[in-house]
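2 protein chains.
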Amino acid sequence: MARPASALRGHILDAALDLFATRGYKGTSLHDIAQVVGCSKASLLYYFVSKEAILTELLTPAGEELGALDARLAGVEGIPAAEAAVTGFVDLAMRFRREVKVLFQDILGLTGHPALGAVPAVIARLMAAMAEGSAGAKGLVTASMVIGAVSVTCASDLPVPDEDLRAELIRGALRTLDRETP
Amino acid sequence: MARPASALRGHILDAALDLFATRGYKGTSLHDIAQVVGCSKASLLYYFVSKEAILTELLTPAGEELGALDARLAGVEGIPAAEAAVTGFVDLAMRFRREVKVLFQDILGLTGHPALGAVPAVIARLMAAMAEGSAGAKGLVTASMVIGAVSVTCASDLPVPDEDLRAELIRGALRTLDRETP
DNA sequence: GTCAGACCTGACCGATCGGACAGTTATTGT
DNA sequence: ACAATAACTGTCCGATCGGTCAGGTCTGAC
């Protein structure tokens, strides 16, 4: 075969990132990766000590950048800190989109589950309702933001009473959609 | 043993929901569930035809309620639709918190990964920066919402140019935090 | 008492997983 | 030409997974 001086290593990382992002980490086997790359499973373990080492190498740059953002924010305080945190996090999440997708994959995997068969379509209609009357990009993006915001926040275990949580979620979501009703 | 007329079935569902929510669906084996319940693995498959059937039964109520919300929204349009969609979705996500957690579990599982070791702490500081100056509950909730909103939206593949996406994400996040700077 | 049926289990199965390892092929320096 | 080393692979392994099955145990009806 003899690829030019081991582009193979890079190909493995590429394929792994794609597969992890579409099937999840646990849902992807070494065999799967090898098949996409077109090499043997043993080759993967020639370049990487383990499957987890592949994941580690894929996620490390994002982790380091996040640390850098953290350091950059250390000196700032007050409103500027909030704005810097927001723009920094947005930029980071966008630059490492595929990596973010790896972390969030199994959601999409499970929403395809029979019990939740209609969910994607329903969510799409929900988003449409939220975006009612809003221009193209803004409506789409903000509706998606609300879905993510509410889901993740409910999945987290914030030390906030349910009533307050509900009220803040609704108010926050309406602000996100730019539909404040004071 | 002889539990009172098979409370076992319910116990299995309880334990499975807990485990799925903390280790993820794929990260939980039938053996794990059986161990928590205190019965044999074969008992699980006496009451449920498969592991997936357990997941199905757990997620079905949430799926049905989501469908009901969808139906309820079908008649409404315009601003009221957006508000109804928001409150409906918030209430749903809160009522089925553990189920939502099941869908989102593997994120938290992976953020514990060595390559992302410091991530939870960094995210906590990011959220603190976002909440700067905001009162207790509101700051916590809105910061969590922004993290979720940005992550999920980036993980989705919205048909929106990167520049627009970035701009809307930042504007939307600042609105969520109630820190608009027009 | 005993029979039927619901309840529950230990033991086993095939498939698949991540990984180990000896060996083969290709490349390079001399 | 020829070692030495890097690149790569076929094959095997133990562990674990979801799932099957024959059989044991308990309970209530008669």
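Residue numbers (our numbering), protein chains in the order written: chain A, 13 to 194; chain B, 13 to 194.
Don't be surprised by glycine CBs; every beta carbon is placed ideally from N, CA and C.
This one's a predicted model, so the numbers in the text were calculated from it and none came from an experiment.
- Just measuring C-alpha positions, the residue of A:Ala-65, A:Val-102, A:Tyr-58 sitting nearest Met-139 (chain B) is A:Val-102.
- Between the stretch 53-67 of chain B and the stretch 96-115 of chain A there are fewer than three C-beta pairs closer than 8 Å, too few to call the two in contact.
- Taking a contact to require three or more Cβ pairs closer than 8 Å, the stretch 89-102 of chain A and the stretch 32-51 of chain A do not qualify as touching.
- Taking 8 Å as the cut-off, the Cβ atoms of Val-172 (chain B) and Leu-152 (chain A) count as close.
- Listed in chain order, the alpha helix (DSSP H) runs fully inside the stretch 47-76 of chain A are 53-59, counting runs of at least 4 residues.
- Here Phe-108 (chain A) carries a coil assignment [DSSP, helix/strand/coil].
- The residue among A:Ala-19, A:Gly-75, A:Asp-30 with its C-alpha nearest the C-alpha of Tyr-59 (chain A) is A:Ala-19.
- At least one CB atom of chain A sits nearer than 8 Å to the CB of Phe-116 (chain B).
- Residue contact check for Thr-154 (chain A) against chain B: a CB pair falls below 8 Å.
- The continuous alpha helix (DSSP H) containing Ser-156 (chain A) extends over residues 148-167.
- Around the beta-carbon of Ala-74 (chain A), 16 or more other beta-carbon atoms lie within 10 Å, marking it buried.
- Distance from the CA of Ala-27 (chain B) to the CA of Thr-188 (chain A), rounded to the nearest whole angstrom, comes to 36 Å.
- Rounded to the nearest whole angstrom, the C-alpha separation of Leu-71 (chain A) and Thr-34 (chain A) is 15 Å.
- Per DSSP, the unbroken alpha helix (DSSP H) holding Leu-20 (chain A) starts and ends at 20-35.
- Near chain A, meaning a CB-to-CB distance below 8 Å, the residues of the stretch 30-59 of chain B are Gly-36, Tyr-37, Lys-38, Gly-39.
- Look at Asp-82 (chain A) here: in three-state DSSP terms it is helix.
- Within the model, the alpha-carbon separation for Ala-133 (chain A) versus Gly-36 (chain A) is close to 22 Å.
- In chain B, no part has a C-beta under 9 Å from the C-beta of Arg-21 (chain A); the shortest such distance is about 17 Å.
- Against chain B, the beta carbon of Lys-63 (chain A) has no neighbour under 9 Å; the closest one sits roughly 12 Å away.
- For Phe-32 (chain A), same chain residues with a beta-carbon under 6 Å away, outside a window of 5 residues either side, are Thr-40, Val-114 in chain order.
- For Arg-183 (chain A), the enclosing alpha helix (DSSP H) has its first and last residue at 174-188.
- In the structure shown, the three-state DSSP call for Gly-100 (chain B) is helix.
- The CB of Arg-178 (chain A) comes closer than 8 Å to the CB of Val-102, Asp-103, Met-106 in chain B, given here in chain order.
- With a threshold of 8 Å between beta carbons, Ala-185 (chain A) makes contact with chain B.
- With a threshold of 16 other beta carbon atoms within 10 Å, Ser-62 (chain B) falls short and is exposed.
- The C-alpha of Asp-174 (chain B) is placed about 22 Å away from the C-alpha of Met-142 (chain A).
- Residues of the stretch 135-153 of chain A with a Cβ closer than 9 Å to any Cβ of chain B, in chain order: Ile-135, Arg-137, Leu-138, Met-139, Ala-140, Ala-141, Met-142, Ala-143, Glu-144, Gly-145, Ser-146, Gly-148, Ala-149, Lys-150, Leu-152, Val-153.
- Here DSSP, grouped into helix, strand and coil, assigns Pro-171 (chain A) to coil.
- Counting the other Cβ atoms within 10 Å of the Cβ of Ala-155 (chain B) gives 16 or more, which makes it buried.
- Under the Cβ distance rule, Glu-77 (chain B) does not count among the residues neighbouring chain A, no pair being separated by less than 8 Å.
- Glu-76 (chain A) counts as exposed, since fewer than 16 other C-beta atoms from the protein chains shown sit within 10 angstroms of its C-beta.
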